[in-house]
Structure formats: C-alpha cells, structure tokens
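Visitor: With my numbering as the guide, the letters of the sequence shown map in order to residues 9 to 446.
Heads up, the beta-carbon is just placed ideally off N, CA and C, and yes, glycines get one too.
In this text the structure is predicted, and so the values were computed from the model without any measurement.
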Amino acid sequence: MDCFRITGGVRLLGRVRASGSKNAALPIMAAALLVDGPITLKRVPDLADVNTLALLLGQLGVEVKRDSDGNLRIATVDPTPTKADYDLVRRMRASFCVLGPLVAKRGRGVVSLPGGCNIGTRPVDLHLAGLSALGAEVRIEHGYVIAAAKRLRGADINLRGPFGPTVTGTANVMSAATLAVGRTVIRGAATEPEIVDLGNFLIAMGAQIFGLGTETIEIIGVDELQPTQYRIIPDRIEVGTLLLAGAITGGCVTVEEARPGHLAAVLAALAATGADIDCRADNVTVRAAGRPRPTNIRARPYPGVPTDLQAQFMALLSLSTGESLISDSVFADRFMQVAELNRLGARIKRSGSSATVRGVRELSGASVMASDLRASAALVLAGLAAERETIVRRIYHLDRGYQRLEQKLAELGARILRERDQEAFLPARHLVGPQLVR
Ligand code: UD1
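(1) Let me check one thing: in DSSP terms, what residues is Val-119 bridge-paired to?
(2) Roughly how many angstroms separate the alpha carbons of Arg-446 and Ala-390, rounded to a whole number?
(3) Suppose the cutoff is 6 Å on Cβ atoms and the five residues either side in sequence are ignored; what does the same chain contact list for Arg-423 look like?
(4) Do you know how far the Cα of Ala-279 is from the Cα of Pro-242?
(5) Since Lys-50 is in the alpha helix (DSSP H), which residue starts that stretch and which ends it?
(6) Would you mind working out which of Ser-140, Arg-358, Val-24 sits nearest Val-261, comparing C-alpha positions?
(7) Is the distance from the Cβ of Pro-35 to the Cβ of Ala-141 below 7 Å?
(8) What does the alpha-carbon distance come out to for the pair Ala-253 and Leu-134?
(9) Span of the beta strand (DSSP E) holding Leu-107?
(10) Taking the alpha-carbon positions, what's the Arg-244 to Asn-208 distance?
(11) If we ignore side chains and look at the alpha-carbon of each, how far apart do Leu-327 and Val-52 end up?
(12) Got a sec? Which residues, its chain only, sit under 7 Å from Leu-333 by beta carbon, not counting five neighbours each side?
(13) Report the CB separation of Leu-187 from Val-204 in whole angstroms; it is logged as a contact under 8 Å.
(14) Report yes or no: do the region 84-95 and the region 162-171 share at least 3 C-beta pairs separated by less than 8 Å?
(15) Please state the DSSP three-state secondary structure of Glu-348.
(16) Measuring only the C-alpha atoms, how far is Gly-330 from Arg-369?
(17) Evaluate Pro-442 with the Cβ neighbour count: other Cβ atoms within 10 Å of its Cβ, from every protein chain shown; 16 or more gives buried, anything less gives exposed.
(18) Could you check whether the Cβ of Asn-131 sits closer than 6 Å to any heavy atom belonging to ligand 1?
(19) Mind checking whether the beta-carbon of His-135 lies closer than 6 Å to any heavy atom of ligand 1?
(20) Give me the residue from Phe-339, Ala-272, His-405, Asp-75 with the minimum Cα distance to Gly-169.
(21) DSSP on Gly-138, reduced to helix/strand/coil?
(22) Run through DSSP, which three-state label would Phe-104 get?
(23) So Ala-40 and Ile-82 are in contact, right, with Cβ under 8 Å, and what is the actual spacing, rounded?
(24) In whole angstroms, what separates the C-alpha of Glu-149 from that of Gly-108?
(25) Looking only at C-alpha atoms, which of Gln-411, Ile-211, Ala-272 sits nearest to Cys-287?
(26) Report yes if the C-beta of Thr-174 is less than 6 Å from at least one heavy atom of ligand 1; otherwise report no.
(27) Taking the straight line between their C-alpha atoms, what separation do you get for Arg-408 and Ile-399?
(28) Could you check what DSSP says for Lys-158 in three-state terms: helix, strand or coil?
(29) Going by beta carbon distance, what residues of the same chain come within less than 8 Å of Ser-379, once the five residues before and after it are set aside?
(30) What's the call for Ala-436, buried or exposed, on a 16-neighbour Cβ count within 10 Å?
(31) Return the Cβ separation of Gly-258 and Leu-21 in integer angstroms, given the expectation that the two are a contact with Cβ distance under 8 Å.
(32) Does the beta carbon of Ala-273 fall short of 6 Å from some heavy atom of ligand 1?
(33) Is the separation between the beta-carbon of Ala-198 and that of Leu-160 shorter than 7 Å?
(34) Once you ignore the five residues that flank Gly-115 on each side, which residues in its own chain have a CB closer than 7 Å to its CB?
(35) If I'm right that Val-111 touches Leu-233 with Cβ under 8 Å, what's the distance once you round it to whole angstroms?
(36) Note down the Cα distance separating Ala-307 from Leu-352, rounded to an integer number of angstroms.
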C-alpha cells in the first residue's frame, strides 16, 4: 500500500494540464457494449477505476487495450457473456453501468448488486425501475440483479429520486434506450456534463438523443449503433481539486485543457473565499493570498457545487477567517473527512447532513488515513497547507480517481512523495499507540 509524505507550507505556482473525466469515461466505456465494431476513446484517464472496468469488460468478452498514443481501443470479441461478478462490481459501483447496455444489446444482464460504500447506502432502485419501465424483467437473486428482455420498448420514465436525479442511473437507462423500439422520455434526468458527454458519444455512434443537459431527455431507438472515435471531456472534479490546492496554499495555479463552463458554481464559491479567478477558453487560473474568507457551501446536483468537491472545500475553509456551514444534499453522510481534518487541527463539527467549520490560523501536520476517494483529496490539500509533515495513508482510494495527483502537485512546486507505507505491512504486535486503532 502506498502513502503520501507531504511537507506543507509551499505556495503552489505554475500550470498543469487536466486529465480526462473519470465519471464520463466509465459509462462511455460501458456503453461500448452496445456496438459490435471497434471504438477508440481519447483522453481516457489512466486510473484504477478505468482498469477495473477494463477487467470487467474483459469478462464480458470485450477487449480493452491502450495504444501507443494513450487512446483506449475497445472491441467485442465474444458477444455471449452477460454476467458481471461481485468481485469487480464491489470494487467500483460504476461497474453497474454495464447493466443497461447488456440488456439492450445481449438481451440479458446479470450484474452483482454493488452494496454500500463509505459515502452512504447508495441504492440502485431507480436504475432498476427505469429498466423495468423499458420492458426488462428484473429480479434479484443471490445478490445479483438479473434483467432480461428480447427487445426493450421505449417508455416514459421518471428517474428523479428523493435526493435528486441519479447520474449513473440516467447513464444506464439512456444507454439502454438507444436500442429500444420507439421513443423514450427520461424525466428528472441528470444534467451533469458527464451525462451530456455520454449522450454525445452515443450520438456519435448513431443514437438519436435530444435534450441533453436538461432534465428531460428524449431518445428515439435505432436498430443498431456504429463504431466511432470519441474524445472524453476534461475532469471537472480534478480541475476543481487542483484549483483548491492552489487556493489553500495561497498560490497561483492555472489548469489547462479545462472547461471553465463546467465549473461555474465551483468558481463562484472559490471567488467567495476571496480568490481571484481568471477564465480563458479552455484554461482557468486561481490566485489566492492570505487566509480564505468563510463562505457557506451546499453540495447539490449540477449545476451546483458537486458533492465530489465538498470535502476539498471543507479543507480550504478549515483555514478561513470565520465560520462556514457545509452541507451535502446528495450524500447526507459524506463527512468521513471530518475526523481526519480535525486530527490536522481543523475545528469542524458535524451535525446531520451538514458541518460547521470554524476556521483556524494553521493546520499542523500529522499522520492521517484516507477513507474514500474525495475525502483523500481533502486530506492531501490540508497536508499541502499544514505546518511540517503530513502522511496520508491508504491512498489507493485516491488512485481510483486521480491520475498521479502527486506528480501534478509536484509540477506546481508541492513537496509530496509517494512512498510504500511500511506500517501497512507490520504485524499488529509491532504497532504502538494510535496506529493500533484502525
Ligand atoms: C455519480 C458519480 C459520483 C458522484 C454522484 C453524485 C459516477 C461514476 N459517479 O454517482 O462521483 O458523487 O454521481 O454526483 O458518475 N439514488 C437513489 N436511487 C438510485 C440511485 C441513486 O436513491 O437508484 C440516490 C443516491 O443515494 C444519492 C443520489 O440519488 O443520494 C444521487 O446518486 P447518483 O447520482 O445515482 O450517484 P452515482 O451515479 O452513484
């Protein structure tokens, strides 16, 4: 297991390039199941989650290779398998995105129920309701969802749940509906840029989709889709994280090949903390000095501040000059970072689906444990600003969704090293003090 050793207190300065979007790449890779011919995907980030999905697609008879230019080449070699095993689905929930394409193209999908994860219970009821509405027979047996249909039929479907639209649910149902007979209308659809990107990829393959980016998406089914080449959008969560890294260190950071238009609420929230923001066509610069001003953040579905940046904002605001309220209306329990940020000297108190952050003058380096992908990023940001040394353990969470984050931060001047975490391999009897509490 690797860890990061960070020596805090260095202002980040310079330019860095955004990678492709993880959350766009995953459902797009899954949607490659809908077509027989080869697909080429450009700007697919090199991440653990992408590799996990490539393994799963391999089990499903789809070959995924990275060519010498870094593009992913995806081709079906055996169109008969329909089962996605628990071992891979439990590693990554987005694996569930293969269900819709499997039923639509192969007439049957058997996909393990993903189960809970560190940020909440995360049901898939809306995915299943959507596929049922398209005419699939759906049942659950021995922890697996079995969905089957000779041919899906268009339907009028509402995918809005109690916490808003579902992103991967919209991906699953929209992908499946491209091959259904007739017209499908998805109401309460997710409007996230990653869903628009998936829709554009499906359109590039010949799908007929209207209303992308709005809450009502209309799909007219076609008999088959064609192979294509497609370039994935930049990762707005990575861009936001890098900008927040610039801000928390009082630095000046430009992220290139970004799409500032996807980050309006994030940039507004950063500006509210006193940072200067400069947007160009495809790059964005943050310039910060001194402690941030307090501001309230409410994570919401797009176009709000994404829940995937809530923890990183919390790290920034832990150093503010006053009190901020942070709430998450998408994942009410997503506050695993609070206890670890407090170990670095932050003063954060959680109450239900929100947390009060009372700014402190400085954070002090310590050894902390990553609990999930975005909480890990928050700990790295805090470590960059903290006095002396911070060790962030269990960064395999971080590697799921950030392509070599430490290299990008180091390009900006951060003192950050990836190391093998020796303590992770010590037998328990060699551990003393707080390390025993795991
Ligand atoms: C996706 C993103 C994740 C992001 C999240 C919210 C991917 C691969 N992952 O996750 O990074 O944090 O969107 O922007 O794109 N819900 C239901 N029933 C369902 C499905 C969801 O009640 O069937 C609830 C969830 O518990 C949650 C809310 O709806 O409270 C939104 O979840 P959803 O948009 O589905 O998240 P994911 O697609 O899993």
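Guide: With the structure as the only source:
(1) Ala-92, Val-153
(2) Unreliable placement is indicated for Arg-446, whose pLDDT of 30 sits below 50; no coordinate value is reported for it.
(3) Thr-15, Val-18
(4) 22 Å
(5) Taken as a continuous stretch (DSSP letters only), Lys-50 belongs to no alpha helix (DSSP H), being part of the beta strand (DSSP E) at 47-50.
(6) Val-24
(7) no
(8) 35 Å
(9) Careful: Leu-107 lies outside any beta strand (DSSP E), inside the alpha helix (DSSP H) at 107-114.
(10) 17 Å
(11) 34 Å
(12) Asn-304, Ser-362, Thr-364
(13) Not a contact, Cβ separation roughly 20 Å.
(14) no
(15) helix
(16) 10 Å
(17) Here Pro-442 scores only 39 on pLDDT, less than 50, and its place in the model is too uncertain to base an answer on.
(18) The residue you asked about is not Asn; residue 131 is Pro in the sequence shown. Checking the Cβ of Pro-131 against ligand 1 gives yes.
(19) yes
(20) Phe-339
(21) helix
(22) helix
(23) 4 Å
(24) 18 Å
(25) Ala-272
(26) yes
(27) 19 Å
(28) coil
(29) Asn-126, Met-344, Gln-345, Glu-348, Arg-402, His-405
(30) Confidence in Ala-436 is poor, its pLDDT being 49 and thus under 50, which makes the residue's placement too unreliable to answer from.
(31) Contact doesn't hold; Cβ gap of about 10 Å is too wide.
(32) no
(33) no
(34) Ala-156, Ala-157, Lys-158
(35) With 8 Å as the limit, Val-111 and Leu-233 do not qualify as a contact, their Cβ atoms being about 15 Å apart.
(36) 23 Å
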